[in-house]
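Peer 1: The structure that follows is given in the form of structure tokens.
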Amino acid sequence: FFSPNRLFSKMASPPNYEEVNSYFRQRMEESRKIWSTRGRDGQIAAAAARKGTWRQLSGVPLMMHEIKHVGNRPFAWGFATVALATVYISASFSDEAKASSNYWSTFHGTGEKKD
Numbered sequence: 045f046f047s048p049n050r051l052f053s054k055m056a057s058p059p060n061y062e063e064v065n066s067y068f069r070q071r072m073e074e075s076r077k078i079w080s081t082r083g084r085d086g087q088i089a090a091a092a093a094r095k096g097t098w099r100q101l102s103g104v105p106l107m108m109h110e111i112k113h114v115g116n117r118p119f120a121w122g123f124a125t126v127a128l129a130t131v132y133i134s135a136s137f138s139d140e141a142k143a144s145s146n147y148w149s150t151f152h153g154t155g156e157k158k159d
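Going by the numbering used here, the first residue of the sequence shown is number 45, and it counts up by one from there.
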């Protein structure tokens, strides 16, 4: 019933023992690479390899990274304009203006409302 000649009759030649072994060794190496990335140790190693990417940035470094992207430049200009205007208005708020302001005298001054 089973004959190697019958099994490999349509193939050019039966597979070589070394070819089959090398194929399975290669597959085993690939599997080991995949297995090494799984589990807690693999996740720690992957996180260490990603160190220094934009995903680890926060605060001002992240903001500077985002400003460098061309699509974010209009937003960056608008943000800078509003920030500078806020600083200018806050700095130019004189003592006279503070004294005559209902908000300032109620929440930052003596606590008495102006009528």
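Even glycine gets a Cβ: it sits at the ideal position worked out from N, Cα and C.
Which whole-angstrom value is the C-beta distance of residue 97 and residue 90, which I expect to be below 8 Å?
Peer 2: Incorrect: roughly 12 Å between the Cβ atoms, too far for contact.
Peer 1: If you draw a straight line from the C-alpha of residue 138 to the C-alpha of residue 94, how long is it?
Peer 2: Approximately 51 Å between the Cα atoms of the pair.
Peer 1: So residue 149 and residue 143 are in contact, right, with Cβ under 8 Å, and what is the actual spacing, rounded?
Peer 2: At roughly 7 Å, the Cβ-Cβ gap stays under 8 Å, so residue 149 and residue 143 are in contact.
Peer 1: Check for me: the alpha helix (DSSP H) holding residue 122 runs from which residue to which?
Peer 2: Where residue 122 is concerned, the enclosing alpha helix (DSSP H) stretches over 117-135.
Peer 1: Since residue 101 and residue 113 should fall inside the 8 Å C-beta cutoff, what is the C-beta to C-beta distance between them, to a whole number of angstroms?
Peer 2: Residue 101 to residue 113, Cβ: 13 Å. No contact.
Peer 1: What span of residues does the alpha helix (DSSP H) with residue 77 cover, start to end?
Peer 2: Run containing residue 77: 61-80, per the alpha helix (DSSP H) assignment.
Peer 1: Roughly how many angstroms lie between the CA atoms of residue 88 and residue 75, to the nearest whole one?
Peer 2: When rounded, the distance between both Cα atoms is 19 Å.
Peer 1: Report the rounded CA-to-CA distance for residue 70 versus residue 60, giving the unit in angstroms.
Peer 2: Spanning the two alpha carbons is a distance of roughly 16 Å.
Peer 1: Tell me which residues share the same chain as residue 153 and place their Cβ nearer than 8 Å to its Cβ, disregarding the 5 neighbours each side in the sequence.
Peer 2: Excluding sequence neighbours, residue 153 sits near 142 and 143.
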